[in-house]
Structures are given as structure tokens and as C-alpha cells.
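**Student:** First the structure, which I've put down as C-alpha cells, then a few questions once you've had a look.
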Amino acid sequence: MKRDLISLRDLNKKEIIFLFKKTKELKKIFKKKKILNLLKGRIGVLIFEKPSLRTRVTFETALKQLGGDSIYLSPQDIQMGKRESIKDVAQNLSRWVDLIIVRTFSHNITKELKEYSAIPIINALDDYEHPCQALADYYTIWERESNIERIKLGFIGDGNNVCHSLMLGAKILGINMIVATPKNYEPDKEIIEFSKDKVILTNDPKEVVKECDYIYTDVWVSMGQENEKEKRIRDFQGFQINSELLKLAKKDYKIMHCLPAHRGEEITDEILDSKNSIVLDQAENRLHIQRTLILYLLNLIKFRSSIKK
Ligand code: CP
Ligand code: NVA
């Protein structure tokens, strides 16, 4: 049976911890600039309907570092659903290449690609989830902690794709999380229901700052929401991560952001660039975790729960 990652729910806790341990091992190897030819002759296609720096570069780099190759398709190239149906795109690509990495608007498109493709699909962000981001973020925390279940993660901002995948991860990994959003920007009901025994919701960012070890934010205006910019900036007033809010924080708090940041909106320069910020570790780890993920989905590494940290 083929394996996909369109939601963080496609992985269970044991698999995620296995991926973390394997990533730690491979990260050391790749830091020494070693080459592993595990993907020789294999191609990953990136279908990207939105811009990207981190996701595109880390996936293309990972494929090439593993001895494979990548093809990048921009919105103009295939016009999925316009020039050709999603089903036809999925079925054609399945005859030529080994993996599809898709960044699109609707989660339904990601699901349809999964349904009709015979090769693994990776969700590289849609309107509902950003599972690769959450994997890299939890890996970043896991690398720093002897027991990730002891930490508390806080999210301040929009209850959107990144927040959703983090909430699913909190439930799957057994991490307590507090999510602070303005009214009407709460996460999706189904995600709230799934993660309800691990995730508390509030409309007060101070609650997050007072209690959490890791404080995470994302943009207030996501890709595709540009026409709502003015309203959103008004509605999110009071949710900026800045030095005033962080006066209430614990001593060793860490700041997280998926990036790109809209500096001066959801977070100030001072905080994003501070010594408490681990955003560049998160960005770096996108590469390391996705390298392992590709190998896992292509059945090139076998799941073993007993592997050491
Ligand atoms: N965090 C993230 O996905 O960044 P990009 O939009 O640059 O890929
Ligand atoms: N919520 C943001 C995340 C970008 C990585 C967006 O969808 O644009």
C-alpha cells in the first residue's frame, strides 16, 4: 500500500519518533557533506500553486542530496483543475515519477490528488494543514528536550493551517498546548474536537505567554488572503508578540515562527531576532526531516521503534 503525508494524522506517535531518531542520525551524516545515493533514478515533482522559499528549496535539496532529482511545476505550467482535471494530472504523473509534493489552496485538491495517484503525495501546505512544517517544528523541540511531553507549546495568532497541524501534533505526541486567537479566528471545529484533551483554546495571548515554554506565531494574512489584509490587521490587534507581552513570559521561553514573517505585524524585529528565537533551527530542520520523510514514504527505510535517540 502506498503511504502519503497529507495530514499529520497520517503518522502515529511511534512513526513520528522513529522519523525524529532517523533524522538525527542522517543530519549528522549530511552535515559532513556525505552523499547517499538512495534515490538514484527517482524523481519528485513539486506542484506549487503558491510562492515558497523554504518548502521548495528544502524539498528540491533533499531529493538531490539523496541522489534523486526534482521537477518544479509553477501554477502557469499545468493549471491543475483548469487545463486538466486533478485526476488526470495524478494518473499521468504516477506513470512517470516517484513522488508528488503539492502546495495548493484547498485541502480537497490535496485529497483528490492522493485518491488518484499511485505514488506518495506530500502536502506542502494547503488551506487546512502544513504537516511538514509541524514535523520540523516538533523535531526542533525534540532535539532540545529530554522529554517532549513535559513542555507546553503556545500558539498566538490565526487558527489556520500551521496552527491546525501543530494541534494535531500536540494530540498525537502527547504535548499540552494553548492556542490564543482573536474571536472568529479559532481553529477548525474538527481539529479542535480531535485534539481537545491536549489543546486549550483562549482569546487571551497573555495566558499563552505566562504558561508556555515555546511560543509560536504565524502570519495574520496567509497566502491567498491578501484582499482581507486591512480587516485582519485590525482584528489581530493585541496579538503581536513583542517585548511588552513577553514581560509576562517564563525565564527560558523560546520563540517559534514557521516563516515567512511579516515583521512588525504578528512579531517585532526585536523578538524575531532575539537570542530566544529558534526560527532558523526550525527552517534548517525542514530539510533534515523532509529528507527522512521522503525515504520513509518511498519505503527506503523501514520502521523500527527500538532505534536509539
Ligand atoms: N514555512 C514555509 O513553508 O515557508 P515557505 O512558504 O517559504 O515555503
Ligand atoms: N499560514 C501561512 C503559512 C506560510 C508558511 C500561509 O498559509 O500563508
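Mapping of the sequence shown onto this note's numbering: residues 59 to 367, in sequence order.
Heads up, the beta-carbon is just placed ideally off N, CA and C, and yes, glycines get one too.
This structure is a prediction, so every number in the text was calculated from the model and none was measured.
#1: Figure out for me which residue from Ile74, Lys268, Arg67 has the closest Cα to the Cα of tyrosine 354.
#2: Can you grab the Cα-Cα spacing for the pair glycine 212 / asparagine 218, in whole Å?
#3: Please report the Cβ distance between serine 223 and alanine 192, rounded to the nearest whole angstrom; I am assuming they are in contact, meaning their Cβ atoms lie under 8 Å.
#4: Can you tell me which of Phe252, Gln295, Gly215 puts its alpha carbon nearest to the alpha carbon of valine 237?
#5: Can you name, in chain order, every residue of its own chain whose Cβ lies under 8 Å from the Cβ of lysine 241, other than the five neighbours on each side?
#6: Can you find the residues in the same chain that come closer than 8 Å, C-beta to C-beta, to lysine 82, ignoring five residues on each side of it along the sequence?
#7: What number of angstroms, rounded off, separates the C-alpha of leucine 330 from the C-alpha of lysine 92?
#8: Alpha carbon to alpha carbon, how far is leucine 171 from threonine 275?
#9: With a cut-off of 8 Å on the beta carbons, I'd call leucine 97 and leucine 351 a contact; round off their distance for me.
#10: Would the C-beta of methionine 314 count as close to ligand 2, meaning under 8 Å from any of its heavy atoms?
#11: Which parts of the region 201–236 are runs of the beta strand (DSSP E), unbroken and 3 residues or longer, counting only runs that do not cross its ends?
#12: How about the region 330–347 and the region 116–125: do they share at least three Cβ pairs that are nearer than 8 Å?
#13: Measuring alpha carbon to alpha carbon, tell me which residue in Val147, Glu265, Leu358 is nearest lysine 305.
#14: When you compare each of Cys316, Leu358, Lys60 to isoleucine 177 by their alpha carbons, which one comes out closest?
**Tutor:** The structure says:
#1: Translated into the one-based positions of the sequence shown, residue 354 becomes position 296. Looking at the Cα atoms, Ile74 is the closest of the given residues.
#2: Taking the first residue of the sequence shown as 1, we reach residue 212 at position 154. Taking the first residue of the sequence shown as 1, we reach residue 218 at position 160. Using only the alpha carbons, I get a separation of about 14 Å.
#3: On the sequence shown, residue 223 is found 165 positions in, with the first residue counted as 1. On the sequence shown, residue 192 is found 134 positions in, with the first residue counted as 1. At roughly 4 Å, the Cβ-Cβ gap stays under 8 Å, so serine 223 and alanine 192 are in contact.
#4: Residue numbering aside, residue 237 sits at position 179 when the sequence shown is read from its first letter. The shortest Cα separation from valine 237 among Phe252, Gln295, Gly215 belongs to Gly215.
#5: If you number the sequence shown from 1, residue 241 lands on position 183. These residues qualify, in order along the chain: Asn261.
#6: As a first step, residue 82 is located in the sequence shown; it is residue number 24 there, counting from the start. Answer for lysine 82: Glu201, Lys367, listed in chain order.
#7: What you label residue 330 is simply residue 272 of the sequence shown in a count that begins at 1. What you label residue 92 is simply residue 34 of the sequence shown in a count that begins at 1. Spanning the two alpha carbons is a distance of roughly 32 Å.
#8: Walking along the sequence shown from the start, residue 171 turns up at place 113. Walking along the sequence shown from the start, residue 275 turns up at place 217. The alpha-carbon atoms of leucine 171 and threonine 275 are separated by roughly 30 Å.
#9: Along the sequence shown, one-based indexing puts residue 97 at 39. Along the sequence shown, one-based indexing puts residue 351 at 293. Actually they are not in contact, since the Cβ atoms of leucine 97 and leucine 351 sit about 13 Å apart, beyond 8 Å.
#10: As a position in the sequence shown, residue 314 is number 256, starting the count at 1. Not so, every heavy atom of ligand 2 lies at least 8 Å from the Cβ.
#11: 210–214
#12: yes
#13: Within the sequence shown, the letter at position 247 stands for residue 305. Cα-wise, what sits closest to lysine 305 is Glu265.
#14: Locating residue 177 in the sequence shown gives position 119, where the first residue counts as 1. The candidate whose alpha carbon is nearest that of isoleucine 177 is Lys60.
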